[in-house]
Amino acid sequence: MEREREEQLYRLQAELCRVLAEPTRLKLLSLLGERPHAVKDLVEVTGERQAKISQHLAIMRKLGIVRTQRVGTEAHYSLADPRILEACCITRDVLLQQLTQQAGLAALLVEASGG
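In the working numbering, the protein residues as written are 235 to 349.
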């Protein structure tokens, strides 16, 4: 029984990671981390079509990553839990560190080859 729960949790985690593995969604999360935004504001800032932004927000809302609140006639989106942005920042930092290390190694190889 415990093993089944653990497997289910891994499946849910994989689904969350799959949803987050999209550059536009990561950009939206970053923007929503600053403050809640209306869809039209997100469209303006990203330069993407409204249909695309709305589709991404709907996917993230379905998974509980973002939530909506009506403000007049507009739906304002915000992060459901700010820790999701922290997780994204950690993975970004890891990536930047890896790229820095790779660049350093590449420089050493070029130097060693006399270039």
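Ideal Cβ placement from N, Cα and C applies to all residues, glycine included.
Remember, predicted model here, so these are calculated numbers, not experimental data.
Name the two residues that bound the continuous alpha helix (DSSP H) containing residue i.
i: Leu288; result: With the sequence shown as reference, residue 288 is identified as Ser, and Leu is not the correct amino acid for it. Its alpha helix (DSSP H) spans residues Gln284 to Lys296.
i: Thr325; result: Arg317 to Ala346
i: Arg237; result: Glu236 to Leu254
Below 8 Å on the Cβ atoms is my contact criterion, and I expect residue i with residue j to pass it. Report the Cβ-Cβ distance as a whole number of Å.
i: Leu243; j: Cys322; result: 20 Å between Cβ atoms; not a contact.
i: Leu350; j: Leu319; result: Only positions 235 to 349 of the chain appear in this structure, which leaves residue 350 out of reach.
i: Thr258; j: His290; result: 6 Å
When the Cα of residue i is compared with those of the options, which residue comes out closest?
i: Glu268; options: Leu313, Gln331 and Leu329; result: Leu313
i: Ile287; options: Ala272, Leu297 and Gly298; result: Ala272
i: Glu249; options: Gln331, Gly281, Ile299 and Gln336; result: Ile299
i: Arg317; options: Leu266, Glu240 and Met235; result: Leu266
Do you know offhand how far residue i's Cα is from residue j's?
i: Ile293; j: Ser347; result: 49 Å
i: Leu330; j: Ile324; result: 10 Å
i: Arg295; j: Thr307; result: 19 Å
i: Ala337; j: Arg326; result: 16 Å
i: Val277; j: Glu236; result: 44 Å
i: Tyr311; j: Gln332; result: 33 Å
i: Glu238; j: Asp315; result: 26 Å
i: Ile309; j: Pro270; result: Before going on, a small fix: residue 309 reads as Ala here, not Ile. So the alpha carbons of these two residues sit roughly 10 Å apart.
i: Leu246; j: Arg301; result: 19 Å
Let's see if you can read the secondary structure: which residues bound the beta strand (DSSP E) around residue i?
i: Ala309; result: Glu308 to Leu313
i: Arg259; result: Taken as a continuous stretch (DSSP letters only), Arg259 belongs to no beta strand (DSSP E), being part of the alpha helix (DSSP H) at Pro257 to Glu268.
Flag residue i as yes when its Cβ comes closer than 8 Å to any non-hydrogen atom of the ligand NAD, and as no otherwise.
i: Glu268; result: By its list of ligands, the structure shown contains no ligand whatsoever, and the ligand NAD lies outside what it can speak to.
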